[in-house]
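Inspection log for the structure reproduced underneath, given as structure tokens.
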Amino acid sequence: MQERELRWETLAALRNSSKGRLKYCRQWLQDEDVLEGCMSPLMLSSYSGWVLDRMVGQSDQEIAPSRSSTPNKSTPCTNQLPPLKKVTSASHQGSSPLSSTVLSETKGNNGLSLLEMDQEVLPTLLPSKVTEVEGCIRMYEEMHRLRGKEGLRQRQEQQEQMVRAVYDLASEQLKRFDELKELKQHQEFQDLQEVMEKSLKETQGQQEKLKEEHRHRAKVLNLKLREAEQQRQRQEELERLRKEEGQERLRRLYSIQEEVLQLNQQIDPNYRHKDLPKIDLSSYSSRGNQICGLVSGLIRTTSERGFPTQVDVTNTERALQEMRGLISSMQQEIAAAVEEKKRREEEEERQKQQELLKKSQMKAQSAAPVQLPGGKQPKEGLQVKTDESIMRWYQELQDAANQCVASFSAISNCKDNEVKKIKTELQKAATIPVSQISTIAGSQLREIFDKINNLLSGKSVQSGGRSVSVTQHPQGLDFVCYKLAEKFVSQGEEEVASHREAAFPIAVVASGIWEIHPRVGDLFLAHLHKKCSYAVPFYPAFKEGTSMEEYQRMLGYQFKDSKMEEQDHFLKRISGMIRLYAAIIQLRWPYGNRQGTHPHGLSYGWRWLAQMLNMEPLENVTATVLFGFLEVCGNALMKEYQFQFWKMILLIREDYFPRIEAVTSSGQMGSLMRFKQFLEECLQKKEIPLPKGFLQSSFWRS
């Protein structure tokens, strides 16, 4: 291929050369001048190779006319040689080899021999060198044209083969590309599927991990909740234990306070014996009052703070020991002084009792009319004795109390230490809760009630850190009922006498216990009537052969070391018991059976009031008990009996009050004035106010 391209470049160079641009004419052969140069020996020019290459490139149409032309006619040479550009190595070949080669190729390609061509083409030419040269040139051109055509055909076939090969290669490559693309897509799909499966597995693993974390956290939270619940239960248990310990300490404080108050009552600051002027108990009394104030202050402070501590209990016990020592010192001093003048004191006391006996007989049994202020005469016909029906009721209650005492005589008189221990525990279990009754909170009052009720019902209760039950002894229930009723009355003459507001919490508990356990109520009335005959009401009559001290005891006076209590203290105790009785008949336990009737309701209060107004008044006593009763129970009686009650109030002011005033000495007008002022205010306002300390509904929510 490179040689052919070089040849074409050579011919192009010859065509563009000066000789290549020369024009030749066939007629030039006829001129001798022109052909002179042809006479030289026959030889190819150095450019004949280029000429032959040019001639071979001519088409077949140029040869055909030369074959069909007349053999005799001479055709002038008008062909023009193409310009020669470049000289190649083929131009240096010899003429003989070139001629034989050209002839053989021409014959092989066209099936014609050189002789036949000479006969057809060159018959008209003159046998000369020029003609031969031209013939050789034309033969060379034809040969070169055929070779070029053959080369072109080969190149076309080669090109077609190359195109087919390239097409096949491209098709194969396209198939490989499609396969590769499909493979890549499949791989990408598999990769994507693997990624999705991996992501799904990771997601599932993450979910499992989250579930595991959730289960772990739930387990931790459950453990924390369980720990918190256990902690709360421990706190509640500790709080319950602390509360029980506090309540036990508070009960201990109340019992100590009760004992201190009882011991303090043994100190009489006004005790002065005329034969023993040196005996002065004011220092003992002042110190006793200080100790009582100290204990009361401690209890009040602990009640406001919550529950007392062990330090508070220790302080109160120390105060109790001091009070006991004080009482012991006082008793020793009094005993020493009294022992010296005992006979003389007894003689003077007998004379004094006889004088008092005469005075009381004159006042109690005197039926003479009393001159009222203004010259009016009091109404006649008032009784000195109580109605027989009331006295029978009074005697039945006393008989029932005596029978109860006889029923537990075995437990009272037993010398066995175990029985004595049971007796002590039962007495504490019955009396200590009553001592703890206060207006601190309704919930505390309910606990006290439940404890007393459980004890009477035969259940076990805690007392002093031990479990106590009335079933521990066959006579335990009778003993507890008797001591409980006695304690309620004792609270009336001690606690209510000192604090009038205390009547209502004690009364509501006593009323509730009375409703559930009627025997306790009967024993309560028996104790009340025995200590305060004015609660029946009746005035014990003096009988022949009865000593003055015994008669005064029947009237309700107390004696300590053969000395009768002061009149003010006596009236204070009587007023406390009457106030407690007045509170009981109007109150009911709020958590009891509201369908039933009150075991000892307002009808008994109305009967008591009517009986009092039908009896002759006593100095100070009548005014004191009427004032205490109406102040506590007047509002309830007013609501119950309305118009009838006001008629009775007018009767008291207009008729009965002048009788009380007539028997009252000028030095004993305090109780009478308080009672008169109370009546005037009630009639002026036309209403009996609620007593101070009355339990409102909000109290039970505390």
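The sequence shown begins at 1368 in our numbering and counts up by one. C-beta atoms are modelled at their ideal positions from N, C-alpha and C, and glycine is treated no differently. Computed from a prediction, not measured in an experiment: that's the story for all the values here.
*Locate the beta strand (DSSP E) running through S1830, then write down its first and last residues.*
V1828 to S1830
_Whole angstroms are fine: how far does the CA of Q2063 sit from the CA of G1879?_
It is roughly 17 Å from the alpha-carbon of G1879 to the alpha-carbon of Q2063.
*Of the choices Y1651, T1806, L1851 and Q1632, whose alpha-carbon is the least far from that of F2061?*
The residue with the shortest Cα to Cα distance from F2061 is T1806.
*Mind reading off the beta-carbon distance from C1781 to Y1849? Whole number of angstroms is fine, and I expect it under 8 Å.*
C1781 to Y1849, Cβ: 16 Å. No contact.
_For V1876, the first and last residue of its enclosing alpha helix (DSSP H)_ = Its alpha helix (DSSP H) spans residues A1870 to I1883.
*From the DSSP output, which residues share a beta bridge with V1835?*
Its beta-bridge partners are V1828.
*Quick one, are the C-beta atoms of C2049 and P2056 less than 9 Å apart?*
A Cβ-Cβ contact shorter than 9 Å links C2049 with P2056.
*Would you kindly work out how many angstroms separate the C-alpha atoms of V1837 and R1974, rounded to a whole number?*
36 Å
*Report yes or no: is there a C-beta of chain D within less than 9 Å of the C-beta of S1566?*
Given the protein chain composition of this structure (a single chain), no chain D is represented.
_Could you check whether L1665 and N1333 sit closer than 9 Å to each other, using their CB atoms as the reference points?_
Outside the displayed range of the chain (1368 to 2069) lies residue 1333, so it cannot be described from this structure.
*Just grab the DSSP bridge partners of M1931 for me.*
M1931 is bridged to F1926.
*Can you give me the Cβ contacts of S1865 inside the same chain, cut-off strictly under 7 Å, excluding the 5 residues immediately before and after it?*
none
*What number of angstroms, rounded off, separates the C-alpha of E1882 from the C-alpha of N1821?*
14 Å
*asked:* Assuming R2041 is part of the alpha helix (DSSP H), what are its boundary residues?
replied: G2037 to K2052
_C-alpha distance - V1828 paired with D1754, whole-angstrom precision_ = 43 Å
*What three-state label does DSSP hand R1361 in the structure shown?*
Missing from the structure shown is residue 1361; the chain here goes from 1368 to 2069 and no further.
*Is the CB-CB distance between A1870 and V1863 below 9 Å?*
yes
*asked:* I'd like to check one pair, L1954 with A1902: are the Cβ atoms closer than 9 Å?
replied: no
*To the nearest angstrom, how far is it from the Cα of N1987 to the Cα of K1610?*
47 Å
*asked:* With distance defined between alpha-carbon atoms, name the residue in E1372, R1599 and E1603 nearest to L1519.
replied: E1372
*Contacting residues, own chain, Cβ-Cβ under 8 Å from G1613 (five flanking each side not counted)*: When the five nearest sequence neighbours on each side are left out, the beta carbons in the same chain lying within less than 8 Å of the beta carbon of G1613 are those of G1673, F1674 and P1675, in order along the chain.
*Below 9 Å between beta carbons: does that hold for T1964 and S2038?*
no
*Just checking, does the region 1992-2011 make contact with the region 1928-1946 on the three C-beta pairs under 8 Å criterion?*
yes
*asked:* Along the chain, where does the alpha helix (DSSP H) containing Y1761 start, and where does it finish?
replied: E1755 to S1774
_Close beta carbons around D1845, own chain, < 8 Å, minus the five adjacent residues each side_ = Once the five neighbours on either side are set aside, the close Cβ partners of D1845 are C1771, S1774 and F1775.
*Residues of its chain near I2027, where Cβ-Cβ distance is below 7 Å and the 5 sequence neighbours each way are ignored*: P1984, T1989, A1990 and L2039
_Which of helix, strand or coil DSSP assigns to N2002_ = Correct three-state label for N2002: helix.
_For E1861, tell me which candidate among V1835, L1895, G1832 and D1889 has the shortest Cα-Cα distance._
Nearest of V1835, L1895, G1832 and D1889 to E1861, Cα basis: L1895.
*asked:* Taking 7 Å as the limit between beta carbons, can you name the residues of its chain near Y1948, skipping five residues before and five after?
replied: L1895 and A1902
_Whole angstroms are fine: how far does the CA of T1498 sit from the CA of P1438?_
Caution applies to P1438, whose pLDDT of 40 falls short of 50 and renders its modelled position unreliable; the value that the coordinates give is listed next. Spanning the two alpha carbons is a distance of roughly 14 Å.
*asked:* For the alpha helix (DSSP H) containing P1800, name the first residue and the last one.
replied: Counted as a single uninterrupted DSSP element, the alpha helix (DSSP H) harbouring P1800 occupies residues N1784 to S1802.
*Classify Q1919 as buried or exposed, calling it buried when 16 or more other Cβ atoms lie within 10 Å of its own Cβ.*
buried
_For N1784 and S2033, the rounded distance between their alpha carbons_ = 57 Å
_Taking the straight line between their C-alpha atoms, what separation do you get for C1912 and F1905?_
In the sequence as presented, Cys is not what sits at residue 1912; that position holds Gly. Taking the straight line from one Cα to the other gives about 21 Å.
*Supposed contact pair V1876 and I1815 - C-beta distance, whole angstroms, cut 8 Å*: About 6 Å separates the CB atoms of I1815 and V1876; that is less than 8 Å, so the two are in contact.
*With a Cβ-Cβ cutoff of 9 Å, do L1630 and G1660 count as a contact?*
No, they are not a contact pair.
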